[in-house]
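In our numbering, the protein residues as written are 41 to 117. Even glycine gets a Cβ: it sits at the ideal position worked out from N, Cα and C.
Here is the structure:
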């Protein structure tokens with residue numbers, strides 16, 4: 041999963057640049073990819089941080105409730 045998220049995209053961009061750097065469509069494609077990343081990354085990061093925060097709040101709430109009733113083996117994950 042790590043390779044799919046963090047390694048494959050840069051390798052794909054390098055391959056596009058190395059094999060097609062003389063054609064104009066490669067430059068256009070790389071510019072479109074860059075523009076999409078610049079536009080959508082703040083929204084994606086905001087969504088991921090909000091989701092992670094909600095998950096941690098729910099996990100701590102479940103932990104506190106489980107310990108209050110004497111059953112510490114209950115966990116969200």
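- Following the DSSP letters along the chain, one finds residue 83 inside the alpha helix (DSSP H) bounded by residues 64–108.
- Residue 107 and residue 88 have their alpha carbons spaced roughly 28 angstroms apart.
- About 12 angstroms separates the beta carbons of residue 48 and residue 56, which is beyond the 8 angstroms limit, so they are not a contact pair.
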